[in-house]
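Protein chains in written order, with this note's numbering: chain W, 11 to 409; chain L, 119 to 220; chain P, 4 to 172. Quick reminder that beta carbons are idealized off the backbone N, C-alpha and C, glycines included.
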Amino acid sequence: MDFLKDPLKVTADWLLGIFAGWGMPELWANVLIGFLGIFILVALLMALDIILVWIERKVVSRFQSRIGPNRVGPFGLIQPFADIIKLLIKEDTTPEGADKTLYNLAPILSMMSVLILWAVVPLAPSILGVDLNIGALYIIAAGAIGALSIIMAGWSSNNKYSLIGAFREVAVMLSFEIPMLTVMLIPTIFTGSMGIGAITQAQDTWFVFLAPLAAVIFLIAAIAELGRAPFDMGEAESELISGYNIEYSGMKFGMFYAGELLHAFTFGGFWAILFFGGYRFFGLEQVSAFLAVAILFFKAFIGYWIIMWVKYTLLRIRIDHMLAFNWKFLTPVAFVLLMTTALMNALLANAPAWLYIGGMFLSNILVAWISLEVARSTSRQERERVEGAKASMPEVAQH
Amino acid sequence: MVPLSWYLIFSAALFSIGLFGALSRRNLVAILLGIELMLNSVNVNLVAFWRYGDVTNITGQVFTIIVFAVAAAEVAVGLALVISVYRKRNTVIADEIDMLKF
Amino acid sequence: MTIDKIIFLIVAAVTLIAALRVVTTGNLIHAAFWLIATLFGVAVIFAVLHASFLAVVQVVVYIGAIAILFIFAVMLTRKDMRDQGPQLNRNWGFGALLAALAFVGLALLVHGWSGVTKTASAFPSGFDAVSALGNALVSPDAYVLPFEVASVLLVAALVGAVYVAYNRK
Chain W
11 MDFLKDPLKV
21 TADWLLGIFA
31 GWGMPELWAN
41 VLIGFLGIFI
51 LVALLMALDI
61 ILVWIERKVV
71 SRFQSRIGPN
81 RVGPFGLIQP
91 FADIIKLLIK
101 EDTTPEGADK
111 TLYNLAPILS
121 MMSVLILWAV
131 VPLAPSILGV
141 DLNIGALYII
151 AAGAIGALSI
161 IMAGWSSNNK
171 YSLIGAFREV
181 AVMLSFEIPM
191 LTVMLIPTIF
201 TGSMGIGAIT
211 QAQDTWFVFL
221 APLAAVIFLI
231 AAIAELGRAP
241 FDMGEAESEL
251 ISGYNIEYSG
261 MKFGMFYAGE
271 LLHAFTFGGF
281 WAILFFGGYR
291 FFGLEQVSAF
301 LAVAILFFKA
311 FIGYWIIMWV
321 KYTLLRIRID
331 HMLAFNWKFL
341 TPVAFVLLMT
351 TALMNALLAN
361 APAWLYIGGM
371 FLSNILVAWI
381 SLEVARSTSR
391 QERERVEGAK
401 ASMPEVAQH
Chain L
119 MVPLSWYLIF
129 SAALFSIGLF
139 GALSRRNLVA
149 ILLGIELMLN
159 SVNVNLVAFW
169 RYGDVTNITG
179 QVFTIIVFAV
189 AAAEVAVGLA
199 LVISVYRKRN
209 TVIADEIDML
219 KF
Chain P
4 MTIDKIIFLI
14 VAAVTLIAAL
24 RVVTTGNLIH
34 AAFWLIATLF
44 GVAVIFAVLH
54 ASFLAVVQVV
64 VYIGAIAILF
74 IFAVMLTRKD
84 MRDQGPQLNR
94 NWGFGALLAA
104 LAFVGLALLV
114 HGWSGVTKTA
124 SAFPSGFDAV
134 SALGNALVSP
144 DAYVLPFEVA
154 SVLLVAALVG
164 AVYVAYNRK
């Protein structure tokens, strides 16, 4: 019973007993147990990554009305292993004139920036890597390191298209960090703390019912942060010959690709944690830690499904439209939403629960409706201006 | 426990390395890199004094946040100026930018 | 030699070596990346000093924005893809002398101060530095005025940077 509720503590105490029996000083034993925990987490994440590769390929094929991998093993389940073996035995090229240190460091940093995110993910009430009281900001910091790795990859490949792809990708990532950070402050207002564990504990009602517009903005900004379609200008195969990925082959490319899939799953997980209650499900998570982990992963897979759905349905957006969308629409809406939430939180602080939830929900809907109306009228004026100009042009051309 | 003097010596060393960079480099962007090092050393100093003094007196951290903002503003404007100079004079070597107007 | 001292010595050594590489390397892109290593070392020092919020903000603001801005600026101001010539100017000896004098002066100043061997008092439990910082930044009898002035400064810098670097065809 104890192990089911708190497996980490039970295992750690057992290992500590073994190590003390061997005569190791306690400090060293604790450090060793810490390293063992990190190693197990990373190993499980890499195994999850392999499953994600299979899921991604099957899902994309079903969206495109084809079957997908079905030769290698039943339902193509062994396909990811075949992919890994292929990537490992491929020739590891380094382009001539490339900056070797940076070129080899970039995929490592990219994968690292995804793995360090899992240190703050609360998998269960008792399984949490580090209970940072600034967890929400830590996510943005890890994203910053990811942006750095892309610029490193783009620059060190010694290739024009690689550099352009990296510039565009980093511009998109840095720009969309602003609405993501602003919207992440909304669960912080509701909770009173930036710690991810505290945010999960405070979700007696899921925050998506309190702030649905915040959930939508977070999803859009997260998809842009990931560099996935429709925001994948940095690695567009038809525009830029896959951008910063061009010169990478073999396992280095595998690191970028697998890192991107794991990053997508991680942000599906964060969407679930910040807005859909994380591991909570009407008290079911108190039964066992493993059940809580299963609930969280189920919600994370739903988030990942939605991210995949968006990727394989929508067209790619042009880079200037992407940046205009961020700076002229998403960021102002995020700021207005933050101010509205803070105001409503202060006004309704002592209200009964139904009034609080209803008031917050209605204020979100109001902000969404007003911003969509403003966007619609602005685009109507723009369209009339452009079409007015075009309508008067043929007359000039004829004379 | 680490004595306070270690943090102060560390920040003094970082400051003097930044000073050397700002005084001895040819490239304008490299000079700005030296200035960044000096600003970071000041931040380390402020936070060390906050921690080793009265922790409930949060002035050290507030000052550091203001220094973050000032450093960001300075880097943005400085690099905009460097890029603008590069467009006009086609060089970023500090010694070659020695005429006001020609 | 406790574990704190060992951790501090390792982090400080890494940071200072990275800072030296920033100011001496010939390749400017490498200098920008060594700056990133230095900034990360300073973030670790902040974390060791229990200023967790500042450590994360250091990574987000300095590494995530300022360092990337430096890399962009270096890439946009290169005449060709090679790096030319020595990167130290004629007066580098004088600069090194001044820097050494500054370090010696500061070190002597530190030694002459009485409170220099102070060790840190234990961090009071239950004190939330982050919320205290937040309250201090917006509270009228604390530091709301410097906070607002800093935000005006950032707006001015934003407008100024865009205007100065604008490419009028």
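So what does DSSP say about L/R143, is it helix, strand or coil?
Correct three-state label for L/R143: strand.
Of the residues that make up the region 135-149 of chain W, which ones have a beta carbon closer than 9 Å to any beta carbon in chain P?
Residues passing the 9 Å Cβ filter: L142, N143, I144, L147, Y148.
What residue range is occupied by the uninterrupted alpha helix (DSSP H) comprising W/D59?
W/D59: member of the alpha helix (DSSP H) spanning 36-73, first to last residue.
Euclidean distance between Cα positions of W/P240 and W/I316
Each residue's Cα considered, the two are about 13 Å apart.
is_contact[L/F167, chain P] using C-beta, thresh 7 Å
Contact with chain P is absent for L/F167, since none of that chain's Cβ atoms lies less than 7 Å from the residue's Cβ.
Since P/F73 meets chain L, which of its residues come closer than 9 Å, beta carbon to beta carbon?
Within chain L, the residues near P/F73 are V147, L150, L151, E154, V193, L197.
W/F371: which of W/I65, W/A304, W/T192, W/F219 sits nearest, CA to CA?
Minimum Cα-Cα distance from W/F371 among the listed residues W/I65, W/A304, W/T192, W/F219 corresponds to W/F219.
Is W/I199 near W/T351, with beta carbons less than 7 Å apart?
Here W/I199 is near W/T351, since their CB atoms are less than 7 Å apart.
Contact under 7 Å by Cβ, W/A157 with W/M183:
W/A157 places its beta carbon less than 7 Å from that of W/M183.
Alpha carbon to alpha carbon, what distance is there between W/W216 and W/A310?
Approximately 15 Å between the Cα atoms of the pair.
Under 8 Å between beta-carbons, which chain W residues line up against P/S55? List them in chain order, please.
Going along chain W in sequence order, the residues near P/S55 (Cβ under 8 Å) are L142, N143, I144.
Would you kindly report the start and end of the unbroken alpha helix (DSSP H) that includes W/R77?
Looking at the sequence shown, residue 77 of chain W is not Arg but Ile. Note, W/I77: premise wrong, no alpha helix (DSSP H); not H, not E.
How is P/I10 classed by DSSP in three states: helix, strand or coil?
Three-state result, P/I10: helix.
Measure from the alpha carbon of P/G129 to the alpha carbon of each residue in L/L137, L/V180, L/A212, L/V173, then state which is nearest.
Answer by Cα proximity: L/V173.
Candidates L/A187, L/L146, L/E154, of which the one nearest L/G136 by Cα
Answer by Cα proximity: L/E154.
Quick one: what does DSSP say L/L199 is sitting in, helix, strand or coil?
L/L199 falls in the helix class under three-state DSSP.
Alpha helix (DSSP H) containing W/G237: first to last residue?
Run containing W/G237: none; DSSP gives neither H nor E here.
Please work out which residues of its chain come closer than 7 Å, Cβ to Cβ, to L/N163, disregarding the five sequence neighbours upstream and downstream, and give them in chain order.
Within the same chain, and ignoring the five residues on either side of L/N163 in sequence, the residues whose Cβ sits closer than 7 Å to its Cβ are L126, S129.
Should the region 323-331 of chain W be regarded as contacting the region 41-55 of chain W, the criterion being three or more beta carbon pairs within less than 8 Å?
In the pairwise beta carbon analysis, the region 323-331 of chain W is classified as not touching the region 41-55 of chain W: fewer than three pairs are separated by under 8 Å.
Pairs of beta-carbons, one from the region 262-271 of chain W and one from the region 57-77 of chain W, closer than 8 Å: are there three or more?
In short, these stretches touch, since the Cβ pair count reaches three.
Tell me the rounded alpha-carbon separation between P/V64 and P/S142.
The straight-line gap from Cα to Cα measures roughly 24 Å.
Which residues bound the alpha helix (DSSP H) around W/P342?
Annotation: the continuous alpha helix (DSSP H) that includes W/P342 extends over 341-357.
Taking the alpha-carbon positions, what's the W/L333 to W/L112 distance?
Going from the Cα of W/L333 to the Cα of W/L112 covers about 28 Å.
Could you tell me the alpha carbon to alpha carbon distance between P/A139 and P/A145, rounded to whole angstroms?
One Cα belongs to P/A139, the other to P/A145, and the distance between them is close to 5 Å.
At the 7 Å Cβ level, is P/G115 part of the contact set with chain L, yes or no?
Output row for P/G115: interface = no.
Run through chain P and tell me which residues come within less than 7 Å of L/D213, C-beta to C-beta.
Going along chain P in sequence order, the residues near L/D213 (Cβ under 7 Å) are N92.
Once you ignore the five residues that flank W/N355 on each side, which residues in its own chain have a CB closer than 6 Å to its CB?
In its chain, beyond the 5 residues on either side, I199 have a beta carbon closer than 6 Å to the beta carbon of W/N355.
For the candidate residues W/M121, W/I88, W/L142, W/G83, whose alpha-carbon lies nearest to that of W/L55?
Just measuring C-alpha positions, the residue of W/M121, W/I88, W/L142, W/G83 sitting nearest W/L55 is W/M121.
Do L/F138 and P/V155 have their C-beta atoms closer together than 7 Å?
In this structure, L/F138 lies away from P/V155, with their beta-carbon atoms at least 7 Å apart.
Under 8 Å Cβ-Cβ, which residues of chain P neighbour W/V180?
The answer, in chain order, is I71.
Buried or exposed, going by whether 16 or more other CB atoms sit within 10 Å of the CB of P/E151?
Looking at its Cβ environment, which holds fewer than 16 other Cβ atoms inside 10 Å, P/E151 is exposed.
Please tell me whether P/I20 has its Cβ less than 7 Å away from any Cβ of chain W.
So, not an interface residue.
For L/V165, tell me which candidate among L/M156, L/A148, L/I183, L/I149 has the shortest Cα-Cα distance.
Taking only the C-alpha atoms, the option nearest L/V165 is L/I183.
Along the region 24-42 of chain P, what residues have a CB closer than 9 Å to any CB found in chain W?
Cβ contacts with chain W come from N30, I32, H33, F36, I39.
Does the separation of the CB atoms of L/F133 and L/S159 fall below 7 Å?
Taking a C-beta distance under 7 Å as the contact criterion, L/F133 and L/S159 qualify as a contact pair.
Within 7 Å, strictly: CB atoms of W/S172 and W/Y254:
In contact: W/S172 and W/Y254 (Cβ atoms closer than 7 Å).
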